[in-house]
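*Asks:*
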Amino acid sequence: MQADQKSAVLRWHTQDTIVLRISITITVLLSALLLSSAEGRNSIADSLYKVLDGNLHDTIRAQINLVLAEIVYVGDMDEAELLTQRALDITDKNIRHSSGKELFAFRVSRGGALNNMGYFNEAHGKLSKALKSYHYSLKLFEELDDKPGVALALNNIGHVYFNQKQYEKALEYYNRSLKMEQEIGNKKALARVLNNIGLTYKTRSELNKAMEYYKESLQIRREINDKDGIANSLNNVGMIYQTEGHSKKALEYFLKCVKIQEEIGSVKGLANTLNNIGDIYSETGQIDTAIAYSKRSLELSGPGGNPKIIERATRSLSILHMRKEEWEKAFNYLRLNTIMKDSLLNKETHAQITEIQQKYESEKNKQMIALQEEEIARRNTMNLILTGGLGLVFLFAIILYTRFRLIKKQKHTIEDQQSVLLTAHKEITEQHAIIEDKNKDITDSIRYAQRIQQAILPSQDYCNYHLNDHFILFKPKDIVSGDFYWVYAISESQVIWMVADCTGHGVPGAFMSMICSSLLNEIIIEKQVTKPGKILDMLKAGIISALSSGDESHAKDGMDGVICLWDKKKNMLDFAGAYNSLYLYRKGVRPNSDSDDSVRYYEDDLVEFKTDRQPISAFSGKELAFTTHEILLKEGDRLYTCSDGWQDQFGGPRNKKFGPKRVLKFLDAIQTTAIENQGNSINMSIENWKEDTEQIDDICVIGVQV
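Using this note's numbering, read the sequence shown as starting at -14 and increasing by one per residue.
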């Protein structure tokens, strides 16, 4: 889904006769067509002037440049921008010395040109400049009482605020544009604004309101037979139904959308809708049908197609083939997906950095930009390396399994053929040596995967910069870990972190952590969802979709964990969790009476906040949305999140579990220790507790001081 936007407002406002206007317009179109295959394309406007008249008035010259910009901007935005700038130069030269109808014509051209420049700046990621151009355009159209121009400028300003995630401001301008379009009676423009309002409510997860506006937009587009608009609205309504879990209804709308897109030849739109249909069939367990739709989307996109659509299609195909245990196909699609994701992140990062550099000039913000660039680039590289490394580990595991089956067969041959016992014994010895070599190779590969997994975790510098005073204790049971932690700064004042415990440990756990980490990147960085409860809902849906192969043994694979959003300016903490708790240390935090079952206190200064008793996976109990909790923080507060590996560790005199009560007691006991050193204290307590006992699970603990 995307907002509807228009590049320019081009209407004739001169005193010319209808005949002159039509002749000029036809000449413009014919000249542009003739020149499209000739050399010297940068002089289109000059050649047009020669075709018409070398002595045309500047009011007409300005309008001709804008008409040409409207013609070429789809295929050559740079050329359209040059033509628009030429129109601006003409109006700048004349507007101060003109009056009457000439002044009116120059101001109309200037309003359209400023609107165009806003569109070009927005396309280049220069949102501040775009907003400035749109506001200048709006002011001119208001002074000229040009209601269609005013309505369009308001819509485009709303679009900039939408891209800046200022949704209240976006709705304010969209609603002003809506009111103006209702007065004018331009149904196509009215449907466009209704769609934009629906998208804004969808982004804010207000699905009922989004559906209301989407359906109203769809009704108008059907009335005027706007097929491209109808297809867009059908797709948007279908995605609402899909988000709400009404797969059958969503599929009905997507299929209607496909029929229209095939009719009008909308390749990009069709590729996107086919991805949506593939997701529906994937969710309902129809794997082969889902693969067919996703492959068709990929084929339509082609090698030079839209990277977002290709990235989405290859991600789906990788997961679907993994569910069919077609590992080579899954790996190939995953590799292509990583390349596309890297391309998208680099493009989005470049646009974000351009906008940030316009807003902030201080050294502190430059440092933040550099860290963000380095972190994204490092994550992209490590994702690619981890995919390759784990793929090699998986291939070695298959080789080892094949060798073991061969040895078993040879053993039966030895028992049946005693006469060749000596020869068989020699062969077994040779095979054992091969297995030993392969086992060493696999162990070396897993250790390499350990280095990759450690590298893909947030860097120490990144965590130090955004979490301030803190510690991170990361203690895998085996070489690689099913536990992982994830840190991302939404802005300088807002940071999200999560401690997650995936099903299993070792290589299976590492595969799960890769899937879950990738889903977090998609939900928070790409889709920009920041409410903790909503993040866990979407993470749960993504895990179920990725692992729903029909095998009940894997149906409940997933993860537990706690995710926190810290707003440093408001000193507010939003958090949500699955089974695992959040601990807060604050002097005098315990109230006079303990009446809340969702919390547990230890002494007067330490409290455990319990979270939802359901996993982030398929669940046999009642399915409920995850709850987002809020805590108003105070300076000096200390927050702790951890996996259950610490409390489940066996040891002590009676070889018992460490247990949640000992966790509370120990956290209370180490509060005289600086927060940076508490991780070492916890690690020492675990080692002393287990002594010679084996570590039974991965352990991860994060402590943060406000």
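For each residue, glycine too, the CB sits at the ideal point set by N, CA and C. Nothing here was measured: the structure is a model prediction, and the numbers come from that model.
Determine the contact status of Thr456 and Gly664, defining contact as a CB-CB distance below 8 Å.
*Replies:* Before going further, note that residue 456 is Phe rather than Thr in the sequence given. Yes. Within cutoff.
*Asks:* For the beta strand (DSSP E) holding Phe693, just list the boundary residues, first then last.
*Replies:* Residue 693 cannot be examined here, being either before or after the span of the chain that is shown, -14 to 691.
*Asks:* Report the rounded CA-to-CA distance for Leu203 versus Asp264, giving the unit in angstroms.
*Replies:* Between Leu203 and Asp264, the C-alpha separation is close to 23 Å.
*Asks:* What are the boundary residues of the alpha helix (DSSP H) that includes Leu123?
*Replies:* Run containing Leu123: Leu112 to Glu128, per the alpha helix (DSSP H) assignment.
*Asks:* For Val222 and chain C, any beta-carbon pair shorter than 8 Å?
*Replies:* Here there is only one protein chain, and chain C is not present.
*Asks:* Assuming Ser118 contacts Leu99 under a Cβ cut-off of 8 Å, what Cβ separation, rounded to an integer in Å, is found between them?
*Replies:* 5 Å between Cβ atoms; contact.
*Asks:* Please determine, among Ile655, Gln680 and Ser628, the residue with the shortest C-alpha to C-alpha distance to Ile687.
*Replies:* Closest option to Ile687, Cα to Cα, is Ser628.
*Asks:* Can you tell me where the beta strand (DSSP E) holding Val93 begins and where it ends?
*Replies:* Val93 -> not in any beta strand (DSSP E); alpha helix (DSSP H) instead, spanning Gly85 to Ala108.
*Asks:* Starting from the Cα of Val547, find the closest Cα among Ser566, Ala531, Leu532 and Ser530 and give me that residue.
*Replies:* Measuring from the Cα of Val547, the nearest candidate turns out to be Ser566.
*Asks:* Please check the pair Asn220 and Phe239, which I expect to be a contact at CB under 8 Å, by giving their CB distance rounded to whole angstroms.
*Replies:* Between Phe239 and Asn220 the Cβ distance is about 7 Å, and since that is below 8 Å, they are a contact.
*Asks:* Please name the residue in Asp683, Tyr570, Glu66 and Asn160 whose C-alpha comes closest to that of Asp590.
*Replies:* Closest option to Asp590, Cα to Cα, is Tyr570.
*Asks:* Flag this pair as yes or no: are the beta carbons of Lys244 and Glu208 separated by less than 8 Å?
*Replies:* Against a cut-off of 8 Å, the Cβ pair of Glu208 and Lys244 comes out as no contact.
*Asks:* Within its chain, find whatever has a CB closer than 7 Å to the CB of Asp677; leave out the 5 residues flanking it on each side and keep chain order.
*Replies:* So no residue of the chain qualifies.
*Asks:* List the endpoints of the continuous alpha helix (DSSP H) containing Ala216.
*Replies:* Element bounds for Ala216: Lys212 to Thr228.
*Asks:* Note the first and the last residue of the continuous beta strand (DSSP E) segment covering Tyr470.
*Replies:* Per DSSP, Tyr470 belongs to the beta strand (DSSP E) from Asp468 to Ser476.
*Asks:* State the Cα-Cα distance for the pair Lys86 and Leu123, rounded to the nearest angstrom.
*Replies:* Computed Cα separation, rounded: 20 Å.
*Asks:* Between Ser279 and Ala298, is the Cβ-Cβ spacing less than 8 Å?
*Replies:* Yes, Cβ-Cβ distance for Ser279 and Ala298 is below 8 Å.
*Asks:* Where does the unbroken alpha helix (DSSP H) through Arg308 begin, and where does it stop?
*Replies:* First-last of the alpha helix (DSSP H) with Arg308: Pro292 to Arg308.
*Asks:* Three-state secondary structure (DSSP) at Asp486?
*Replies:* Residue state, collapsed to three classes: strand.
*Asks:* Helix, strand or coil: which one does DSSP assign to Ile45?
*Replies:* Here Ile45 sits in helix by DSSP.
*Asks:* Please classify Arg623: does DSSP put it in a helix, a strand, or coil?
*Replies:* Arg623 falls in the strand class under three-state DSSP.
*Asks:* Three or more C-beta pairs closer than 8 Å, one from the stretch 132 to 148 and one from the stretch 162 to 177: is that the case here?
*Replies:* Yes, the stretch 132 to 148 touches the stretch 162 to 177.
*Asks:* The beta strand (DSSP E) with Val574 in it runs from where to where?
*Replies:* Val574 -> no beta strand (DSSP E), and no H or E assigned at all.
*Asks:* In the DSSP assignment, what residue or residues form a beta bridge with Arg585?
*Replies:* Paired residue(s): Glu593.
*Asks:* What does the alpha-carbon distance come out to for the pair Glu237 and Gly254?
*Replies:* Cα to Cα, Glu237 sits roughly 17 Å from Gly254.
*Asks:* Under the DSSP definition of a beta bridge, which residues are partnered with His451?
*Replies:* Paired residues: none, contrary to the question.
*Asks:* Any idea if Pro517 is buried or exposed, counting beta-carbon neighbours within 10 angstroms, 16 or more meaning buried?
*Replies:* The residue in question, Pro517, is buried, as its Cβ has 16 or more Cβ neighbours within 10 Å.
*Asks:* Are Lys228 and Cys242 closer than 8 Å when you measure CB to CB?
*Replies:* The question names Lys, but residue 228 in the sequence shown is Thr. Not closer than 8 Å, so no.
*Asks:* Out of Arg46, Phe89 and Glu64, point me to the one whose CA is closest to Ala72's CA.
*Replies:* Cα-wise, what sits closest to Ala72 is Arg46.
*Asks:* Compare the C-alpha of Asp597 against each of Tyr586, Phe560 and Glu127 and name the closest.
*Replies:* Selected option, being the one with the closest Cα: Phe560.
*Asks:* Could you tell me which residues DSSP puts in a beta bridge with Val480?
*Replies:* Ala474 and Trp551.
*Asks:* Take Val514 and list the residues in its own chain whose beta-carbon comes closer than 7 Å to its own, dropping the five residues that flank it on each side.
*Replies:* Excluding residues within five positions, the ones whose Cβ falls inside 7 Å are Ile508, Ile520 and Met523.
*Asks:* Starting from Ala72, trace the beta strand (DSSP E) both ways and give me its first and last residue.
*Replies:* Not the beta strand (DSSP E): Ala72 falls in the alpha helix (DSSP H), residues Met62 to Asn79.
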